[in-house]
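Everything on this sheet refers to the single structure shown next.
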Amino acid sequence: MRIAVLGATGRVGRLIVEQGLQRGHEVVALVRRPQTGAVHGRPDVEVRRADVTAPAAFPDLTDVDVVLSALGIGKGDGPGALVAGARVLAEVPVRTLWLGALGSGPSVGAGGGIYQCIMKAFVGEELTEKAAADAIALDGGATVFHAPDLWTGGVSTGRRNIPLEDYAKPLLPPHASRATVAALMLDEAERPTRGARILVPVGRV
Ligand SMILES: NC(=O)c1ccc[n+]([C@@H]2O[C@H](COP(=O)([O-])OP(=O)(O)OC[C@H]3O[C@@H](n4cnc5c(N)ncnc54)[C@H](OP(=O)(O)O)[C@@H]3O)[C@@H](O)[C@H]2O)c1
């Protein structure tokens with residue numbers, strides 16, 4: 001497959017790029033600063049300039065099979081990138097997988113009380129933007145992943161995507177490795193199980 005990765009220079013996006021290549025896919029990295037960052041100068045990745053806050057200049061993606069977004073709000077950036085990114089991708093006529101966070105929008109409370117308190121304390125007002133962006137992505141037909149707290153670590157062999165409505169509230173705050181979430185997004189890209197629904201990526205760190 002030919003996959004495009006938005007947020008390809010980020011912590012999760014970089015892992016989607018690496019694992020996508022390892023799985024034999026052609027990877028198009030969508031980055032706002034092509035001259036720097038993790039994918040700069042790599043012969044195995046096609047880089048296209050893409051800043052979601054400049055939608056008029058967003059690159060054509062009609063030659064890719066699926067877009068995987070690991071877009072995040074950059075340090076020092078103001079709010080708005082997530083909603084802008086969701087809007088841009090909703091207009092792109094390509095299947096989209098969108099990474100969001102457990103504990104925002106429809107999954108508020110799904111990670112349990114302690115997890116929700118942590119999210120409120122550390123993610124705070126960003127939760128509102130995350131929910132708004134997810135709603136736009138879902139309306140546009142994207143599959144949305146509500147990842148729990150993300151840690152370092154390898155890909156979990158017991159990984160699985162659980163529809164939000166089937167996700168059992170855990171006693172302890174849930175977490176997964178970034179590598180596992182990247183793998184689960186690629187699993188869904190390769191073998192779609194859901195349309196516009198929310199999946200919770202699960203796997204032991
Ligand atoms: N960290 C966690 O524990 C956790 C848990 C659950 C869900 N998530 C969600 O997972 C997503 C990715 O997380 P992460 O930790 O991998 O994020 P990250 O490391 O901060 O990466 C964010 C990516 O978004 C890109 N980006 C920001 N603004 C952009 C713009 N205007 N146009 C194009 N690209 C832009 C950044 O590019 P630059 O390199 O140019 O800045 C970077 O590649 C986030 O939405 C986050 O909420 C994270």
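Sequential numbering from 1 applies to the sequence shown in full-length UniProt numbering.
Think of the CB as a built atom: it goes at the ideal place given N, C-alpha and C, for glycine as much as any other residue.
For clarity, every value in this text was computed on a predicted model and none was experimentally measured.
Out of W151, H146, T152, the CA that lies nearest to the CA of P201 is found in H146.
Counting along the chain, G85 sits inside no beta strand (DSSP E); it lies in the alpha helix (DSSP H) bounded by residues 81 to 90.
By alpha-carbon distance to P173, the top candidate from A110, D166, R2 is A110.
Take the alpha-carbon of A131 and the one of G105: they are about 4 Å apart.
For D134, same chain residues with a beta-carbon under 6 Å away, outside a window of 5 residues either side, are G100, G105, V144 in chain order.
Linking V88 to A142 through their CA atoms gives a straight-line distance of about 12 Å.
Residue pairing from DSSP places L30 in a beta bridge opposite L6, R48.
Around the beta-carbon of T9, 16 or more other beta-carbon atoms lie within 10 Å, marking it buried. The beta carbon of L15 sits closer than 7 Å to those of R178, A179, A182, all from its chain and outside the five residues before and after it, given in chain order. If you check the C-beta of D60 against ligand 1, you find no heavy atom less than 6 Å away. Going by C-alpha positions, V17 is about 7 Å away from V5. Excluding sequence positions up to five before and after E46, its CB lies within less than 6 Å of the CB of V28, all in the same chain and listed in chain order. DSSP, reduced to helix, strand and coil, places L102 outside both helices and strands of the structure shown, so it counts as coil.
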